[in-house]
Each structure stands twice: as structure tokens, then as C-alpha cells.
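Here's the structure, in C-alpha cells; my notes come after.
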Amino acid sequence: MIHNERVRHMVKLQAFEDRKGKEYFPVLKYFRRDYVGLHLLKGFVSGTIAYGVCLLMWGLYYMEELMANIHTMDLAKFAVDVLLRYLAFLIVYLICVFIYAENKYSRARKEIRAYNRHLKRIINSFDLDGGES
Amino acid sequence: MTALLEIRERIRGFCSRFEVYLLPVIKSILAFLTFYMIRSHLGYMTRLNGMTLTLVLALACALLPVNMIVVFAVLLVLLHLFSLSLAACLVCFLVVAVLFLLYFRFSPKKGFYAVLTPLAFIFHVPYVMPLVIGLLDDNPVSVLAMAGGTVMYYLLNGIVANDSAIADSILTKFEDVFNQFVGNREMLAMLAILVLAALIVWFIRRLSVDHAWTIAILTGCLLQFILRFICDMQLKLPGTVFSIFVPSALSAAVGFVLQFFFFNLDFTRTERVQFEDDEYYYYVKAIPKIYVAGTEKKVQKFSGDDAPITRKDLAQEMDIDEDLLDF
Chain A
1 MIHNERVRHM
11 VKLQAFEDRK
21 GKEYFPVLKY
31 FRRDYVGLHL
41 LKGFVSGTIA
51 YGVCLLMWGL
61 YYMEELMANI
71 HTMDLAKFAV
81 DVLLRYLAFL
91 IVYLICVFIY
101 AENKYSRARK
111 EIRAYNRHLK
121 RIINSFDLDG
131 GES
Chain B
134 MTALLEIRER
144 IRGFCSRFEV
154 YLLPVIKSIL
164 AFLTFYMIRS
174 HLGYMTRLNG
184 MTLTLVLALA
194 CALLPVNMIV
204 VFAVLLVLLH
214 LFSLSLAACL
224 VCFLVVAVLF
234 LLYFRFSPKK
244 GFYAVLTPLA
254 FIFHVPYVMP
264 LVIGLLDDNP
274 VSVLAMAGGT
284 VMYYLLNGIV
294 ANDSAIADSI
304 LTKFEDVFNQ
314 FVGNREMLAM
324 LAILVLAALI
334 VWFIRRLSVD
344 HAWTIAILTG
354 CLLQFILRFI
364 CDMQLKLPGT
374 VFSIFVPSAL
384 SAAVGFVLQF
394 FFFNLDFTRT
404 ERVQFEDDEY
414 YYYVKAIPKI
424 YVAGTEKKVQ
434 KFSGDDAPIT
444 RKDLAQEMDI
454 DEDLLDF
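Respectively, the protein sequence lines represent chains A and B.
Using my numbering, you'd call the opening residue of the first sequence number 1 and step up by one each time.
Using my numbering, you'd call the opening residue of the second sequence number 134 and step up by one each time.
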């Protein structure tokens, strides 16, 4: 005989796995600190590359000016300026990444808790039936 | 109103019933529109201009994840620009790379906003995008995808407008290409208007006030209209009040359609309940959704026996024992 309540919970579990499972299950393989740390590391790499690309675009945009003035420029000051801008950009970007990763981890925990509640109800329904499906 | 609600229920029923087929069709249409617009606006590489390729790619997108539309669109744009000038292609690639590295790596599912935004610009209804994102998206970070789409639109639009200047020189100056969006005050103004409107619509929509969606839609449209009007005045852009008003009104209409389908509540039957447990006191406000059950179908018989068939009759007709009909 069909156990309506159990079927309802099983449908919810399957719907969760199909819609959000792929996004949230991998998140909880990590502890919060590890997950956020991993994102910060990825953010550092992608932020550095993005800054490099922006710097390249800036260089291409001002190419003629740079070529004309490169022998009169204070290169040390220029390098410090570039580095300071890089640090400022990276700090802002990593703060955004940190907030994103923290929020995503909290959201994943909340969603997986709801998933586990349905799972427990299914297990309990099996226990009440004496193990019969 | 009841008739409209019935139509809504029918559409919802139809969508849920044929979701498996509708989703690929919608993806395919979106992909076709995107590729067709790229082909008709850029179209510098003649080999890519065949309708067959556009159709094949659009059909392929029906079966692939929605983000593949973005991938194909970027590839097509880069190839067309490569035909025009290497500098334009390189600049576009660098802009896409920055967008990918900074945003889409974190939220790849919202990549389609970056495709929808230029389409909305082409159809002269860019103000729809803040409403769509603000009303339907849970995550306000999606406005960044819209911002990326806006930058791409202005970059490509500038390149198309000045393509003869960019393509003519043997070694095109990168400066010419960058000038299409660096210091483009209209682009910066639109970016600010769209992002601000999307965030405000999102914020108001989530407020716990009656008619939050209606207030959000009207505020968003009015804000965009006023800001665009001020920007046009300040920047001396070639726009008229009519050219700003019509898209704003259209976006408001789209907003109300979205509200009708996704958030139609009956505020006259709002219930407020209060209760407590050991740790908290709860103030709950429950607003019922407006729902109309589908009209029941009546079958009118014009001929035949009205008497219901009994089990005995059925057994006799089938020439079997009556007990065999016990299920």
C-alpha cells in the first residue's frame, strides 16, 4: 500500500536533489572555515588575473603616451602606484568574496537541514512500519 | 478579473504539464534571437551569416544548459570582431575575461542576464531588466550580470557605429576601440540607473508591507524615468521625454504581468495572528493568494442510455462471472 506521507517527503527530497542538490551538497563537504578559505584563495587567483587584464587594457589604451614618456617616467613610483592599487582592489574584492562564501555556506546549511528533516521523517516512517517498505 | 485568473490558471497548468517541452523551446527562441541580433548587427564575418548556422546553434542550445547561449554568443561576437579588426576582438575578449573572472565564476547560473540585457537594449526596453531582476531574483548580486551585459552592449554598439574608422587603419589603435566605452557618459549613466533601480525594486519587493510588489514596480519605473530624464538633460543626450516615457511604461506593464503570474495576493483577506512559545513571540501576517478553481466541464449527453451500467450488466455483457469483477 502506498504510504502517502512518505511519498510526499520522498518527492520533496528528489525535488531538492534535482534543483539545489548539485549546488549545496558539495558545499557541506567542507568546514565553514575551509570553504571560505578555498573561495578566498580562488578569489585571490582570479582577482590577480583580472587586475592583470585590467592593467593590460590600461596599458593598451595609453600605449602611445607610455611609449613617449617611458624614459622620463619615475618607474619606481609607477610600480608602487600599481601595487597599491592592486592591493586596494584585492582587499575590496576579497571582502566581497568572503561575504559571498559566508552567505552561501549558511544558506547551504539551512537548506540541507530542511533536507535532513524530510529524510528523518522517511526513516521514522520505515521504523514505525517495522522496516516494511 | 475572474476570467483573467482562470486564464492564468490555465497557462500555469499548461506550463507545468508541458514544462519538459516548453523549456527547450524557450531556450531555443532566446538563443535564436541572440544569434540573429549578433548576425544582423555585427555580421562582419560573412561565413557566419548563414541562417542555417544560426538555426543549428539555436536548436543545439535547446538541448544544452542555458549558459551555452552565453558561450556561443561570445564566440560569435569575437569571430565577427576578429573579421573587423584584431584590436576590437582583443578588447572584447579582455572585457569578457574580466567579467568572467570577477563575477560569472561565482554565479554562473545568472549568465543569461548578460545576454538578455543587450537584447532589451536592442528592443529599446532596457528598463525591464531591473524589474525582472528585482522582482524575480532572490540574489541582488545578479545586478552585476546585468551591468556586464550593459557594458557589452555599449562596447559593441560603439564598435558598430564606428566600424569604418576601426577597420580602415592597417593597425587599428586600441585607443579607438576603448574609447567606445571608456568615458562613455551615457553608458555610465545607464549603468548607474539600472543597478540602482534593480536594487531598490529588490529591496522594496521584500518589505513586509501591503502591495510591496506594486510599490516596487511603480517606484522602479518612476525612478528610472526621472533619472534618465535628468541624465539626458545633463549630458545633452538626443532623447525626448516620449522616448523615455514609452519604454518606462512598457517596463511597468511587464512588471505588472510578472506580478500577476508570480505574486497575486488578496490583501483584503489578510490575517494577523500572534502566538508564543518558550523562546519567542510570533507576529504572523498571512495573506492568501488569489486563486480561482478551473470551471468544471459538464458533459451533456444527447443520446444513449442514461441509466448507469451495473456490475451485473457488465458481467453479463462480457459473459463472465460477476465475482471476477472484484478488484
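Heads up, the beta-carbon is just placed ideally off N, CA and C, and yes, glycines get one too.
Next item on the list: Take residue 361/B as the anchor and find which of 318/B, 449/B, 146/B, 236/B has the nearest alpha-carbon.
Entry: It is 318/B.
Item checked: residue 230/B: contacting residues in chain A (beta-carbon distance under 9 Å) -> 49, 50, 53, listed in chain order.
Item checked: Limits of the alpha helix (DSSP H) - the one that residue 313/B falls within -> Counting along the chain, residue 313/B falls outside any alpha helix (DSSP H), and DSSP gives it neither H nor E.
Checklist line | Near-chain A residues of the region 390–419 of chain B (beta-carbon distance less than 8 Å), N- to C-terminal order | finding: Here the close residues number zero.
Notebook entry, point to check: Secondary structure at residue 128/B, three-state DSSP: helix, strand or coil?
Noted result: Residue 128/B falls outside the range modelled here, since chain B spans only 134 to 460, and no answer is possible.
Next item on the list: Evaluate the contact criterion for the region 315–335 of chain B versus the region 279–292 of chain B: three or more CB pairs, one atom per stretch, below 8 Å.
Entry: The answer is yes - the region 279–292 of chain B touches the region 315–335 of chain B, with three or more Cβ pairs under 8 Å.
Next item on the list: Assuming residue 315/B contacts residue 61/A (C-beta within less than 8 Å), just tell me the rounded distance between them.
Entry: Rounded to the nearest angstrom, the Cβ distance from residue 315/B to residue 61/A is 7 Å, consistent with a contact under 8 Å.
Check: Would a check of beta-carbon distances place residue 63/A closer than 8 Å to chain B?
Finding: Answer yes: the Cβ-Cβ gap between residue 63/A and chain B drops below 8 Å somewhere.
Margin query: With H, G and I counted as helix, E and B as strand and the rest as coil, what does DSSP make of residue 369/B?
Written below: It is coil, neither helix nor strand.
Notebook entry, point to check: What residue range is occupied by the uninterrupted alpha helix (DSSP H) comprising residue 12/A?
Noted result: Run containing residue 12/A: 4–16, per the alpha helix (DSSP H) assignment.
Note to self: Distance check for residue 195/B and residue 156/B, CA to CA, integer angstroms please.
What the structure shows: Those two C-alpha atoms are separated by around 8 Å.
Check: What is the DSSP secondary structure of residue 417/B, reduced to helix, strand or coil?
Finding: Reduced to three states, the DSSP call for residue 417/B is strand.
Next item on the list: Starting from residue 70/A, follow the alpha helix (DSSP H) in both directions and report where the run begins and ends.
Entry: Judged by DSSP secondary structure, residue 70/A falls outside any alpha helix (DSSP H); it is assigned neither H nor E.
Notebook entry, point to check: Taking just the CA atoms, how far does residue 173/B sit from residue 180/B?
Noted result: Taking the straight line joining both Cα atoms gives about 13 Å.
Notebook entry, point to check: So with Cβ pairs under 8 Å, would you call residue 235/B a contact of chain A?
Noted result: Cβ-Cβ to chain A under 8 Å: yes for residue 235/B.
Margin query: Strictly under 8 Å for the Cβ-Cβ distance: is residue 60/A near chain B by that measure?
Written below: So, interface residue.
Notebook entry, point to check: Residue range of the alpha helix (DSSP H) that residue 389/B falls in?
Noted result: Where residue 389/B is concerned, the enclosing alpha helix (DSSP H) stretches over 374–395.
Notebook entry, point to check: Given that a residue counts as buried once 16 or more other Cβ atoms are within 10 Å of its Cβ, and exposed if not, what is residue 270/B?
Noted result: Under this definition residue 270/B is a buried residue.
Notebook entry, point to check: Between residue 126/A and the rest of its own chain, which residues show a CB-CB distance below 6 Å, the 5 nearest in sequence each way excluded?
Noted result: Cβ neighbours of residue 126/A beyond the five flanking positions: none.
Check: Excluding five sequence neighbours on each side, which residues of the same chain lie with their C-beta closer than 6 Å to the C-beta of residue 47/A?
Finding: Contacts found: 90, 93.
Item checked: Range covered by the alpha helix (DSSP H) that runs through residue 252/B -> First-last of the alpha helix (DSSP H) with residue 252/B: 245–255.
Margin query: On the criterion of 16 or more Cβ atoms from any shown chain inside 10 Å, does residue 39/A qualify as buried, or is it exposed?
Written below: Buried, since its Cβ has 16 or more Cβ neighbours within 10 Å.
Note to self: For residue 128/B, which residues in the same chain have their Cβ closer than 7 Å to its Cβ, ignoring the five residues on either side in sequence?
What the structure shows: Absent from the structure is residue 128/B, since the part of chain B shown begins at 134 and ends at 460.
Notebook entry, point to check: Mapping DSSP to helix, strand and coil, what is residue 115/B?
Noted result: One cannot answer for residue 115/B here, as it falls past the ends of chain B, which runs 134 to 460.
Next item on the list: Would you verify that the beta carbon of residue 40/A is, or is not, closer than 8 Å to some beta carbon of chain B?
Entry: Among the residues facing chain B, residue 40/A is not included, as its CB has no counterpart in that chain under 8 Å away.
Notebook entry, point to check: residue 278/B: which of 410/B, 451/B, 375/B, 324/B sits nearest, CA to CA?
Noted result: In terms of Cα proximity to residue 278/B, the closest of 410/B, 451/B, 375/B, 324/B is 324/B.
Notebook entry, point to check: Do residue 210/B and residue 171/B have their CB atoms nearer than 8 Å?
Noted result: For residue 210/B and residue 171/B, yes; Cβs fall inside 8 Å.
Checklist line | For residue 245/B and residue 133/A, the rounded distance between their alpha carbons | finding: Confidence is the limiting factor: at residue 133/A the pLDDT is only 46, short of 50, which leaves the residue's position unreliable and the question unanswerable from this model.
Next item on the list: Tell me whether residue 111/A is buried or exposed, calling it buried when 16 or more other Cβ atoms sit within 10 Å of its Cβ.
Entry: Buried, because 16 or more other Cβ atoms sit within 10 Å of the Cβ of residue 111/A.
Item checked: Closest residue to residue 297/B among 451/B, 214/B, 412/B, 391/B (Cα-Cα distance) -> Minimum Cα-Cα distance from residue 297/B among the listed residues 451/B, 214/B, 412/B, 391/B corresponds to 214/B.
Margin query: I need the DSSP call for residue 197/B, collapsed to helix, strand or coil.
Written below: Coil.
Item checked: CA-to-CA distance, residue 353/B to residue 264/B, given in whole angstroms -> The C-alpha of residue 264/B lies about 7 Å from the C-alpha of residue 353/B.
Margin query: According to DSSP, is residue 398/B part of a helix, a strand, or is it coil?
Written below: DSSP places residue 398/B in strand when its eight states are reduced to three.
Check: Under the rule that 16 or more other beta-carbon atoms within 10 Å means buried, what is residue 82/A, buried or exposed?
Finding: Exposed, because fewer than 16 other Cβ atoms sit within 10 Å of the Cβ of residue 82/A.
Next item on the list: Within 10 angstroms of the Cβ of residue 24/A, are there 16 or more other Cβ atoms? Answer buried if so, exposed if not.
Entry: Under this definition residue 24/A is a buried residue.
Notebook entry, point to check: Is any beta-carbon of chain B found at less than 8 Å from that of residue 83/A?
Noted result: Interface with chain B (8 Å Cβ-Cβ cutoff): residue 83/A is excluded.
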